[in-house]
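All remarks here apply to the structure that follows.
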Amino acid sequence: RQWSCSSGSYAEYGKQWYQRRVREFQTFQHYFKRINLSLVTMSNDDFEVEEQDSGAKEYEFVQTSTLKKGSYIIIKEQPCRVESISTSKPGKHGSAKCAIVAKNIFNGSRHDEISQAHATVKCPKVARVLYTLLNIDDDYMELMHDNGSTRSDIKCPPNDVGEKIKEGFENGAQMAVTVLSSLGIEEAIETKEID
Numbered sequence: 023r024q025w026s027c028s029s030g031s032y033a034e035y036g037k038q039w040y041q042r043r044v045r046e047f048q049t050f051q052h053y054f055k056r057i058n059l060s061l062v063t064m065s066n067d068d069f070e071v072e073e074q075d076s077g078a079k080e081y082e083f084v085q086t087s088t089l090k091k092g093s094y095i096i097i098k099e100q101p102c103r104v105e106s107i108s109t110s111k112p113g114k115h116g117s118a119k120c121a122i123v124a125k126n127i128f129n130g131s132r133h134d135e136i137s138q139a140h141a142t143v144k145c146p147k148v149a150r151v152l153y154t155l156l157n158i159d160d161d162y163m164e165l166m167h168d169n170g171s172t173r174s175d176i177k178c179p180p181n182d183v184g185e186k187i188k189e190g191f192e193n194g195a196q197m198a199v200t201v202l203s204s205l206g207i208e209e210a211i212e213t214k215e216i217d
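Residue numbering for the sequence shown follows the working numbering, starting at 23 and increasing by one per position.
Dropping the structure here:
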């Protein structure tokens with residue numbers, strides 16, 4: 023027996039219903055894309071439209087099972103380097119888990135994390151840049167990049183690296199300084215004399 027409704031067969035009705043849902047989804051998708059592209063803020067009783075920076079450019083998501091020794095990971099909002107990672111076998115009712123031991127790339131503090139092997143974790147973007155030291159003024163280093171640009175917004179670190187930088191500068195040596203940056207933090211981590 024052929025069932026029918028006001029718009030014909032149930033198959034035809036289902037097709038029309040599906041097409042309406044697809045159109046609604048496309049409309050909402052377009053609407054939400056427009057919302058994500060701009061952020062409306064109020065300033066001095068005026069509305070200003072600013073391009074929204076999602077902030078997600080400082081890290082990316084990676085699957086836990088792809089991490090290995092030397093990989094970078096964010097633990098407790100700190101950029102870390104993986105020291106060791108071990109994976110447990112999946113249990114009867116659970117998936118495999120990874121136990122991660124990592125150290126903060128700036129201060130060397132140790133952090134532990136346990137994550138499911140199939141889960142995703144944040145991997146920070148880390149940059150290393152080599153500069154030539156020009157001057158030290160009130161603990162701030164004046165540094166020159168290979169392209170000739172200079173900056174003086176990085177402090178000499180209060181550790182052995184900082185002492186070595188200051189000692190070399192005071193002795194008149196030409197020093198190269200490696201600056202590590204991640205998650206908005208920049209710090210000198212290595213230095214050496216330039217022949």
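Just so it is clear, CB atoms sit at the ideal spot from N, CA and C, and this is done for glycine as well.
- The region 124-151 contains, as complete beta strand (DSSP E) runs of 3+ residues, the segments 132-138, 142-146 (chain order).
- By the criterion of a C-beta distance shorter than 6 angstroms, L156 is surrounded in its chain by E164, M166, once the five residues flanking it on both sides are discounted.
- Distance from I176 to E208 at the Cβ level is roughly 6 angstroms; contact confirmed, criterion being Cβ atoms closer than 8 angstroms.
- Between T109 and A141 the beta-carbon gap is near 12 angstroms, outside 8 angstroms, which marks them as no contact.
- Ranked by how close their Cα comes to the Cα of A121, the residues G130, I95, Q100, S131 have I95 in first place.
- Annotation for V148: Y94, S204 place their beta carbon closer than 6 angstroms to its own, counting only its chain and skipping 5 residues before and after.
- Classified as buried, G190 has 16 or more neighbouring CB atoms from the shown chains inside 10 Å of its CB.
- For S106, the closest of G184, V84, F128, K91 by C-alpha to C-alpha distance is K91.
- N169 has no beta-bridge partner at all, per DSSP.
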